[in-house]
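These notes concern the structure reproduced below.
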Amino acid sequence: MQPFISEKAKKISPSPTLALDAKFKQMKKQGIPVVGFGAGEPDFETPENIKKAGIKAIEEGFTRYTPASGTVELKEAVCAKFKRDLGLDYKPENIVISNGGKHSLTNIFMCICEPGDEVIIPAPFWVSYPEMVKMADGKPVYLNTTEENDFKFTAEELKDAITDKTRALILNSPSNPTGMVYTKEELEEIAKVVVEKDIYVVFDEIYEKLVYEGTHTNIATLGEDIKEKTIIVNGLAKAYAMTGWRIGYTASSAALAKAMGNLQSHATSNPNSIAQAAAVEALNGDQSSVKVMFDEYIKRRDYMVERISKIEGISCVKPNGAFYVFINLKNVLGKEYYGKVISTASEMCDDMLEKALVALVPSEGFGIDGYARLSYATSMETIEEGLNRIEKYLKGEC
Ligand code: GLU
97 MQPFISEKAK KISPSPTLAL DAKFKQMKKQ GIPVVGFGAG EPDFETPENI KKAGIKAIEE
157 GFTRYTPASG TVELKEAVCA KFKRDLGLDY KPENIVISNG GKHSLTNIFM CICEPGDEVI
217 IPAPFWVSYP EMVKMADGKP VYLNTTEEND FKFTAEELKD AITDKTRALI LNSPSNPTGM
277 VYTKEELEEI AKVVVEKDIY VVFDEIYEKL VYEGTHTNIA TLGEDIKEKT IIVNGLAKAY
337 AMTGWRIGYT ASSAALAKAM GNLQSHATSN PNSIAQAAAV EALNGDQSSV KVMFDEYIKR
397 RDYMVERISK IEGISCVKPN GAFYVFINLK NVLGKEYYGK VISTASEMCD DMLEKALVAL
457 VPSEGFGIDG YARLSYATSM ETIEEGLNRI EKYLKGEC
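When you read off a place in the sequence shown, starting at 1, and then add 96, the result is the number in my numbering.
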């Protein structure tokens with residue numbers, strides 16, 4: 097007899113990015129010389145000053161429960177960061193510290209969705225958004241974008257997608273998986289619709305430190321009325337190479353922050369005390385490591401875009417943020433490779449992993465067909481080798 101599993105749990109599919117990452121790491125462990133453009137995980141070490149703050153926290157016995165929604169010290173550091181970087185005024189009562197960006201997003205949907213409420217998710221989207229909405233009994237509604245429009249939606253398209261059941265829009269800028277960045281002007285138009293239609297905008301700015309040309313705009317900076325409708329999500333993982341430490345945070349109305357804190361107090365208690373102490377150092381301490389990583393990412397991006405433009409059959413829009421290149425595979429799909437017709441991005445990525453030992457993420461999990469995502473949060477050496485392998489595969493030389 098099958099063990100009982102709830103209908104809700106059965107509807108949740110596993111994270112394809114983490115699944116690929118696990119497969120890739122397992123292959124490496126087995127000694128298979130695979131190279132990867134898989135999960136978006138910085139290849140840099142967590143900066144020394146941050147690690148030391150974690151060690152100090154352990155040595156000083158900062159190893160007990162903290163307030164469930166995070167320490168006052170870290171909330172104050174987050175408020176200071178909002179003021180410094182974006183000129184935004186928040187108080188500790190507006191902030192909830194969580195176990196990473198994913199946890200923050202889950203808290204949000206659990207606290208804003210009634211069963212059946214619609215959450216608009218522009219596609220291509222990061223793989224976890226729809227599943228998180230479903231976990232909260234919400235209904236993901238997809239707003240498709242196209243490469244011709246740089247994978248961005250317009251205010252008009254948003255307006256058309258809103259119904260009387262719409263609770264929120266998710267806006268991720270810079271975007272995972274496309275690397276696209278919304279301009280201030282585009283966000284101003286979107287903000288007008290959000291305010292007029294009285295919905296929330298969940299603004300995920302986890303890649304805010306990685307905008308290569310121009311500046312990052314947070315929609316909440318565009319006026320008091322849109323700030324009231326905005327729930328900001330961010331975390332330490334990407335900017336400070338702290339993926340394993342699991343610290344994320346939200347900024348919202350005090351009432352919503354209280355609700356999320358209550359939820360968290362039962363679900364997980366507090367985020368790890370040691371990681372919180374390290375996060376204070378990350379936000380308040382020396383920021384030079386962020387710049388070092390930024391400079392390296394931009395070099396990698398430029399190299400990749402240039403190389404991809406020279407590989408026959410594939411192309412990409414130059415990304416302006418995050419650390420992903422989203423390549424168009426449409427010209428190479430439907431053709432025969434190694435005695436088999438390859439029709440979908442998934443089939444091609446599977447075959448490339450098997451024959452060329454290179455891992456890329458197929459686009460189906462991001463809600464669009466015919467593309468693959470390459471992360472450049474990996475060394476230049478890996479990037480060169482990985483692109484050589486992709487080229488070799490496409491030439492039929494594997
Ligand atoms: N966010 C990263 C990615 O998209 C890490 C894996 C995950 O959380 O999905 O690859």
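C-beta atoms are modelled at their ideal positions from N, C-alpha and C, and glycine is treated no differently.
C-alpha gap between residue i and residue j, whole angstroms
{"i": "I438", "j": "G136", "result": "26 Å"}
{"i": "A335", "j": "K152", "result": "22 Å"}
{"i": "C412", "j": "Q98", "result": "46 Å"}
{"i": "P270", "j": "E324", "result": "21 Å"}
{"i": "K436", "j": "H199", "result": "42 Å"}
{"i": "T274", "j": "L453", "result": "23 Å"}
{"i": "T495", "j": "A363", "result": "Any question about residue 495 goes unanswered here, given that the chain covers just 97 to 494."}
{"i": "A115", "j": "E460", "result": "14 Å"}
{"i": "T202", "j": "M356", "result": "9 Å"}
{"i": "K124", "j": "G331", "result": "28 Å"}
{"i": "E103", "j": "A441", "result": "29 Å"}
{"i": "I370", "j": "D465", "result": "42 Å"}
{"i": "S165", "j": "T259", "result": "33 Å"}
{"i": "A455", "j": "Y225", "result": "23 Å"}
{"i": "V237", "j": "N366", "result": "32 Å"}
{"i": "A219", "j": "I154", "result": "43 Å"}
{"i": "S111", "j": "R397", "result": "25 Å"}
{"i": "N358", "j": "A350", "result": "12 Å"}
{"i": "Q360", "j": "P458", "result": "33 Å"}
{"i": "T142", "j": "M338", "result": "6 Å"}
{"i": "V130", "j": "F120", "result": "7 Å"}
{"i": "G127", "j": "D321", "result": "56 Å"}
{"i": "I327", "j": "I295", "result": "11 Å"}
{"i": "N368", "j": "N268", "result": "26 Å"}
Best match in the options for proximity to residue i [C-alpha to C-alpha]
{"i": "V223", "options": "N190, A468, N358, A371", "result": "A468"}
{"i": "P211", "options": "K261, E189, E141", "result": "K261"}
{"i": "N240", "options": "I302, N484, F462, Y489", "result": "F462"}
{"i": "K354", "options": "E144, S194, E481", "result": "S194"}
{"i": "T346", "options": "P163, H312, V298", "result": "V298"}
{"i": "I423", "options": "G430, E432, C445, K431", "result": "C445"}
{"i": "Y428", "options": "L359, K395, L490", "result": "In the sequence under discussion, the amino acid at residue 428 is Val, which differs from the Tyr named in the question. Of L359, K395, L490, the residue nearest in Cα terms is L490."}
{"i": "E432", "options": "I407, G492, P415, E487", "result": "G492"}
{"i": "G132", "options": "E487, K187, C494, L449", "result": "L449"}
{"i": "K147", "options": "E169, G381, D465, T474", "result": "G381"}
{"i": "V291", "options": "M276, F221, L265, N245", "result": "L265"}
{"i": "D139", "options": "G310, T474, E392", "result": "T474"}
{"i": "A373", "options": "I343, K395, V421, L283", "result": "I343"}
{"i": "K235", "options": "Y434, Q126, K107, N268", "result": "K107"}
{"i": "E487", "options": "G183, A418, G430, G409", "result": "G409"}
{"i": "D181", "options": "G157, T317, M276, P110", "result": "T317"}
{"i": "G150", "options": "W341, Y296, P188", "result": "W341"}
{"i": "K305", "options": "A418, Y472, E169", "result": "A418"}
{"i": "L470", "options": "S109, D117, A105, Y434", "result": "D117"}
{"i": "Y434", "options": "Y308, E282, K451, T279", "result": "K451"}
{"i": "A333", "options": "Y308, E301, G319, L267", "result": "E301"}
{"i": "R263", "options": "E214, E282, Y278", "result": "E214"}
{"i": "G283", "options": "I216, G319, L425, K414", "result": "Note that residue 283 is Leu in the sequence shown here, rather than Gly. Nearest of I216, G319, L425, K414 to L283, Cα basis: G319."}
{"i": "I191", "options": "E169, T159, K414", "result": "E169"}
{"i": "I204", "options": "E189, A105, V329, K293", "result": "V329"}
Chain C within 9 Å of residue i, Cβ atoms only
{"i": "I438", "result": "In the structure shown, chain C does not exist; there is a single protein chain."}
Delimiting residues of the alpha helix (DSSP H) encompassing residue i
{"i": "Y399", "result": "384 to 406"}
{"i": "E252", "result": "251 to 257"}
{"i": "F205", "result": "197 to 208"}
{"i": "K288", "result": "280 to 293"}
{"i": "P226", "result": "224 to 231"}
{"i": "P112", "result": "112 to 125"}
{"i": "K106", "result": "103 to 106"}
{"i": "V130", "result": "Run containing V130: none; DSSP gives neither H nor E here."}
Delimiting residues of the beta strand (DSSP E) encompassing residue i
{"i": "Y475", "result": "Note that residue 475 corresponds to Ser in the displayed sequence, not to Tyr. First-last for S475: undefined, no H or E at that position."}
{"i": "R263", "result": "262 to 268"}
{"i": "V215", "result": "214 to 219"}
{"i": "N145", "result": "That residue, N145, is in no beta strand (DSSP E); its alpha helix (DSSP H) goes 144 to 155."}
{"i": "E524", "result": "Since the first residue shown for the chain is 97 and the last is 494, residue 524 is missing from the structure and cannot be characterised."}
{"i": "D181", "result": "From DSSP, D181 is part of no beta strand (DSSP E) but of the alpha helix (DSSP H) over 168 to 182."}
{"i": "N240", "result": "235 to 240"}
{"i": "S194", "result": "191 to 194"}
{"i": "V95", "result": "Residue 95 is absent from the model: the chain starts at 97 and stops at 494."}
Distance cut-off 8 Å: residue i Cβ against heavy atoms of the ligand SAH
{"i": "S224", "result": "Questions concerning the ligand SAH fall outside what the structure shown contains, since the ligands it does hold are the ligand GLU."}
Query raised in the report: Okay, do the region 237 to 252 and the region 284 to 302 touch, 3+ Cβ pairs below 8 Å being the bar?
Result: yes
Query raised in the report: Okay, do the region 387 to 398 and the region 230 to 244 touch, 3+ Cβ pairs below 8 Å being the bar?
Result: no
Query raised in the report: Are the region 391 to 409 and the region 469 to 487 touching, with three or more C-beta to C-beta distances below 8 Å?
Result: yes
Query raised in the report: Can you list, in chain order, the stretches of the alpha helix (DSSP H) that have 4 or more residues and sit fully within the region 324 to 356?
Result: none
Query raised in the report: So does the region 367 to 377 actually touch the region 158 to 174, counting three or more Cβ pairs closer than 8 Å?
Result: yes
Report task. Entirely within the region 410 to 464 and at least 4 residues each: give me those alpha helix (DSSP H) ranges in chain order. Result -> 441 to 452
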